[in-house]
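Residue numbers (the numbering used here): -4 to 333.
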């Protein structure tokens, strides 16, 4: 539940915020899907799930398909109204379809979704390279299926039905969202789906770590340093739009550490990648400190140095994520000694 603080002399008053449905503001189910799909990195921790498909109109497809690091399939069904038992039957129907998909069929879906030449097996290994020693075998993909129904709340019958299916060994969850209205504004309440139950910090800062994409390309990090920018590409690109002019960016290279930091000079811009229109999102950065990518790699600020200095065990995974002011200051402090 969300409450609004009543702005009166009696500051102890709370007023319940009006809850509404998406249908009340004229949204269709497709609008909800677009909202979720365009904000994947905000709603699903990207180091836990890799999106391999989103729904296509006029085809019997789940709204979102994803894989975890073990190759297990996650099937998402979105609804703009409250959960009903028939929602569960629909997502289980998708399980019957996609649960029988071979690696080759999943690969076809992934290749069509990403429009890239890299196959699913190779892309999956690169995506989860921080936790995988080697690529999964083709036989490891889609061994089990997990079902996630995203709806505007859930009624008692649905919750009981979910318990029934879970007791039978079906891996199914209901993930509710809620819409609230304050004046002429609408608030979207949604808790990140976190299958690993990792600790997810809610940090209110303007310090961003941006990964240099070294898993996919060994030249793009040089381009970021030489052209003074921070960028992301293809299915990870939209996360860069969360960075605003005046924020601070720390470039991080997997296996090396922080290689640059500076103030952001522009809001998000877009750029073509060869014939792929607007598949690079980037912000211009005034880097106050950066390594020479060809001769000074030993000057990077390693993750182990940051964790050791702060007495933590932070995992630097993700295309873009926020860090605390304390961590930002510590990175600068260590960089100054290099």
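Even for Gly, the Cβ is constructed at its ideal location relative to N, Cα and C.
Please read these numbers as outputs of a predicted model, since none were measured by experiment.
task = State the Cα-Cα distance for the pair residue 201 and residue 259, rounded to the nearest angstrom.
result = Using only the alpha carbons, I get a separation of about 10 Å.
request  = Provide the residue(s) that pair with residue 180 in DSSP beta bridges, ordered along the chain.
outcome  = DSSP lists 177 as partners of residue 180.
message = Three or more C-beta pairs under 8 Å: does that hold for the stretch 254 to 272 against the stretch 308 to 321?
response = Using a C-beta cut-off of 8 Å, the stretch 254 to 272 makes no contact with the stretch 308 to 321, since fewer than three inter-stretch Cβ pairs fall below that distance.
ask   = If we ignore side chains and look at the alpha-carbon of each, how far apart do residue 124 and residue 48 end up?
value = If you take the alpha carbons of residue 124 and residue 48, they lie about 20 Å apart.
key: the stretch 60 to 74 in contact with the stretch 129 to 140 per 3-pair CB rule at 8 Å   = These segments touch.
query = Between residue 168 and residue 143, which are expected to be in contact by the criterion C-beta below 8 Å, what is the C-beta distance as a whole number of angstroms?
reply = Contact check for residue 168 and residue 143: beta-carbon distance about 5 Å, within the 8 Å limit, so the pair qualifies.
Bridge-paired residues (DSSP) for residue 146 = Listed as beta-bridge partners of residue 146 by DSSP are 171.
Cut-off 7 Å between Cβ atoms - residues of its own chain near residue 126, not counting five sequence neighbours on either side = So the qualifying residues of the chain are 64.
key: Alpha carbon of residue 278 to alpha carbon of residue 218, nearest angstrom   = If I take the Cα positions, the gap works out to 13 Å.
query = Where are the beta strand (DSSP E) runs, 3 residues long or more, that stay fully inside the stretch 23 to 51, in chain order?
reply = Within the stretch 23 to 51, the runs of beta strand (DSSP E) that reach at least 3 residues and sit entirely inside it are, in chain order, 45 to 49.
ask   = Which one of 90, 117, 74 has the shortest CA to CA distance from residue 173?
value = Of the candidates 90, 117, 74, the one whose C-alpha sits nearest the C-alpha of residue 173 is 74.
message = Taking the beta carbon of residue 102 as the centre, do at least 16 other beta carbons fall within 10 Å, making it buried, or is it exposed?
response = It counts as buried.
key: Option in 233, 203, 57 with minimal Cα separation from residue 334   = Lying outside -4 to 333, the shown extent of the chain, residue 334 is not represented and no answer is given.
ask   = Do residue 249 and residue 221 have their C-beta atoms closer together than 9 Å?
value = Going by C-beta atoms, residue 249 is not nearer than 9 Å to residue 221.
ask   = Is it right to say residue 59 is buried, meaning 16 or more other beta carbons lie within 10 angstroms of its own, or is it exposed?
value = By the neighbour-count rule (16 or more Cβ atoms within 10 Å), residue 59 is buried.
Residue 116 classed as buried or exposed, judged by whether at least 16 other C-beta atoms fall within 10 angstroms = So residue 116 ends up on the buried side.
inquiry  = Using C-beta distances below 8 Å, list every residue in its chain close to residue 316, excluding the 5 sequence neighbours before and after it, in chain order.
reply    = Short of 8 Å from the beta carbon of residue 316, and not among the five residues preceding or following it, lie these beta carbons of its own chain, in chain order: 203, 204.
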